[in-house]
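For reference, the structure discussed in these notes is given below.
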Amino acid sequence: MILDYDKMLQRLVDNVRKSSRIKKENKKLFEEFRKYLLVQGCSDAHMYKMLSHLKKILEFVDYDLKKATKSQIEDIVAWINQRKVSDETKRQYKIVLKVLFKWLNGGEYPEAVKWIKTSSKSRKDKLPEKILTEDDVKKLIDAADNPRDKALIALLWETGARISEIYNLKIGDFQDHVYGLQIVIRGKTGARRLPLIESVPYVRAWLNMHPERDNKNAPVWVNVGTKGKGKKVGYRALVKMLNEVAKKAGIDKPVNPHNFRHSRATFLANYFTEAQMCEWFGWVQGSDIPARYVHLSGRDIDAAYARIHGIKDERVPEKSKLTPINCPRCDEKNAPDARFCHRCGQALTLEAALEVEEAESIVLEAFATLKDEDVLKMLEFITKLYRVAKTDPDVARRLKELT
Numbered sequence: 001m002i003l004d005y006d007k008m009l010q011r012l013v014d015n016v017r018k019s020s021r022i023k024k025e026n027k028k029l030f031e032e033f034r035k036y037l038l039v040q041g042c043s044d045a046h047m048y049k050m051l052s053h054l055k056k057i058l059e060f061v062d063y064d065l066k067k068a069t070k071s072q073i074e075d076i077v078a079w080i081n082q083r084k085v086s087d088e089t090k091r092q093y094k095i096v097l098k099v100l101f102k103w104l105n106g107g108e109y110p111e112a113v114k115w116i117k118t119s120s121k122s123r124k125d126k127l128p129e130k131i132l133t134e135d136d137v138k139k140l141i142d143a144a145d146n147p148r149d150k151a152l153i154a155l156l157w158e159t160g161a162r163i164s165e166i167y168n169l170k171i172g173d174f175q176d177h178v179y180g181l182q183i184v185i186r187g188k189t190g191a192r193r194l195p196l197i198e199s200v201p202y203v204r205a206w207l208n209m210h211p212e213r214d215n216k217n218a219p220v221w222v223n224v225g226t227k228g229k230g231k232k233v234g235y236r237a238l239v240k241m242l243n244e245v246a247k248k249a250g251i252d253k254p255v256n257p258h259n260f261r262h263s264r265a266t267f268l269a270n271y272f273t274e275a276q277m278c279e280w281f282g283w284v285q286g287s288d289i290p291a292r293y294v295h296l297s298g299r300d301i302d303a304a305y306a307r308i309h310g311i312k313d314e315r316v317p318e319k320s321k322l323t324p325i326n327c328p329r330c331d332e333k334n335a336p337d338a339r340f341c342h343r344c345g346q347a348l349t350l351e352a353a354l355e356v357e358e359a360e361s362i363v364l365e366a367f368a369t370l371k372d373e374d375v376l377k378m379l380e381f382i383t384k385l386y387r388v389a390k391t392d393p394d395v396a397r398r399l400k401e402l403t
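Under the UniProt record's numbering, the letters of the sequence shown match residues 1 to 403, in that order.
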């Protein structure tokens, strides 16, 4: 679910202020550190996690923490290591401790905490077989029942954005772009613009039928069923939809929003520099996160080793399997497997064009075998029907439904 970190933060601050287990001087330290994180531009989510860990530490100590000796810090680390929490949570506790004392020491780690190790003991990255591929995404889009779900799946994949960033999108966040569309994403490191290419056919199809497509402030993801139609869809409903579509598509991998982000980062690590990865995914420049994905993709060592032997690495395709097909007649972007342009009806593949020619030949042959009087009667009937349809909207609507 999407958490309201603003309210959670306020509740956390109130609990610290009322706590009988935290010393007065440590309550003051908590408030000052919170102010420091605010000045640093920390997101509510990151701040909540940092301060939650600090609260636990402050409840453990019975002395003024900022005056702690190395021996007392060792006691805190020993307590952290004995806690029945995950290794990652223990690591986060230690990070908070080091960041706190680095701030207290004017930007340098003091000897009391410099020794604390905060690197992961081992990489627990998702195994390659759990990472979604373009083929998986294609199957998911095909299995989705409606344009909204197809657009969501395509966007989760192409942007690799955090679910909170995608879930809170508004109609006005989409704008025309030379490549198709661009999207404004508001995340932890501020707003960023991303060009959209692969998801354009699906996004446009959904926006064109959105009940409030002319309202720039309307949420993008609204209910499409009869119950609550037009209202913002619940987060859990979207997650449930993803699981159902995955089952229908036969995808035996995690199909949750985070795995879309993780899988997309692994995919783009084959193409982007680490700086570009930070820009695209909304990570702070200089972050070590992109390096993990370069490691997962094997981009550096695989390609380099192949070059030693004069082999071209063919595993990285020059063109994405999800690249839209541009209509040669109207230049509209269509889904990669589209056979006809959804705007003008132009055949997009050789097979489709041949089918059209064959159908035209059959029709012409059928007309050629008709008697002259039959043809005239048919044309007369069509003319009368056309005249009625021009004056009767109901007849026109029913004819349109039949075509």
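Ideal placement from N, C-alpha and C gives every residue a C-beta, glycine not left out. On a predicted model such as this, the values are computed, not experimentally measured, just so you know.
Residues near residue i by beta carbon distance below 8 Å, same chain, minus five either side
i           : result
Tyr36       : Trp103
residue 418 : As shown, the chain starts at 1 and ends at 403. That puts residue 418 outside it, with no answer to give.
Cys344      : Cys327, Arg329, Cys330, Glu332
Asn9        : Here residue 9 is Leu; the residue named in the question, Asn, does not match the sequence. Excluding sequence neighbours, Leu9 sits near Asp44, Met47, Tyr48, Leu51.
Asn146      : Val224
Tyr167      : Ile2, Trp221, Tyr235, Leu238
Gln40       : none
Glu111      : Lys70
Tyr109      : Lys98, Phe101, Lys102
Asp62       : Lys23
Ile76       : Ile57, Phe60, Val61, Ala68, Leu97
Residues of its chain near residue i, where Cβ-Cβ distance is below 7 Å and the 5 sequence neighbours each way are ignored
i      : result
Arg123 : For Arg123, the predicted structure reports a pLDDT of 48, less than 50, and the residue's modelled location is therefore unreliable. A value from the coordinates is still provided. So no residue of the chain qualifies.
Ala291 : Glu274
Ala338 : Ile325, Leu348
Val220 : Leu169, Lys170, Ile171
Met241 : Asp149
Ala144 : Lys150, Ile153, Val245
Lys27  : Val16, Arg17
Ile289 : Trp283
Phe281 : Gly160, Ala265
Arg21  : Glu59
Rounded straight-line distance, which links the Cα of residue j to that of residue i
i           : j      : result
Ala269      : Ala352 : 36 Å
Arg192      : Val85  : 35 Å
Lys384      : Lys150 : 42 Å
Tyr202      : Ile251 : 20 Å
Lys23       : Leu65  : 9 Å
Gly187      : Glu358 : 52 Å
Lys231      : Gln72  : 54 Å
residue 411 : Pro257 : One cannot answer for residue 411 here, as it falls past the ends of the chain, which runs 1 to 403.
Lys18       : Leu29  : 15 Å
Arg236      : Gly228 : 15 Å
Val184      : Leu196 : 11 Å
Gly160      : Ser287 : 17 Å
Asn293      : Leu155 : Residue identity check: residue 293 is Tyr in the sequence provided, not Asn. Cα to Cα, the separation comes out at about 20 Å.
Asn334      : Asn208 : 14 Å
Asp214      : Gly180 : 19 Å
Arg204      : Trp115 : 54 Å
Gln276      : Trp206 : 29 Å
Arg162      : Asp14  : 29 Å
Glu134      : Ser320 : 8 Å
Asp142      : Asn81  : 47 Å
Glu25       : Gly190 : 34 Å
Gln285      : Asn105 : 24 Å
Beta bridge counterpart(s) of residue i as assigned by DSSP
i      : result
His177 : Gly180
Lys333 : Asn326
Val222 : Lys232
Pro195 : Gln182
Gly250 : For Gly250, which the question treats as bridged, DSSP gives no partner whatsoever.
Gly187 : Gly190
Ala347 : Phe340
Lys170 : Pro219
Closer than 7 Å: residue i CB and nearest the ligand MN heavy atom
i      : result
Leu132 : The ligand MN is not part of the structure shown, which contains no ligands of any sort.
Whole-angstrom C-beta distance between residue j and residue i, which should lie under 8 Å
i      : j      : result
Lys170 : Asn217 : 6 Å
Leu54  : Phe33  : 7 Å
Glu165 : Glu198 : That belief does not hold up - the Cβ atoms of Glu165 and Glu198 are roughly 17 Å apart, past 8 Å.
Lys94  : Thr118 : 5 Å
Ala249 : Leu140 : 5 Å
Val200 : Leu322 : In fact, because the Cβ distance is near 10 Å, the residues do not count as touching under 8 Å.
Phe60  : Trp79  : 6 Å
Leu132 : Phe260 : 7 Å
Asn243 : Val233 : Between Val233 and Asn243 the Cβ distance is about 15 Å, and since that is not below 8 Å, they are no contact.
Lys90  : Val113 : Rounded, the Cβ-Cβ distance is 15 Å, inconsistent with contact.
Leu194 : Gln182 : 7 Å
Neighbourhood of residue i by C-beta distance below 6 Å, restricted to the same chain and skipping five residues each side
i      : result
Met47  : Leu37
Asp6   : Asp44
Gln346 : Cys327, Arg329
What are the uninterrupted segments assigned as beta strand (DSSP E) that are 3 or more residues long and contained completely in the UniProt domain "Core-binding (CB)" (24–105), given in chain order?
Runs of the beta strand (DSSP E) spanning 3 or more residues and lying entirely within the UniProt domain "Core-binding (CB)" (24–105) do not occur at all.
Unbroken stretches of the beta strand (DSSP E), 3 residues or longer, contained in the stretch 256–286
Qualifying beta strand (DSSP E) stretches: none in this window.
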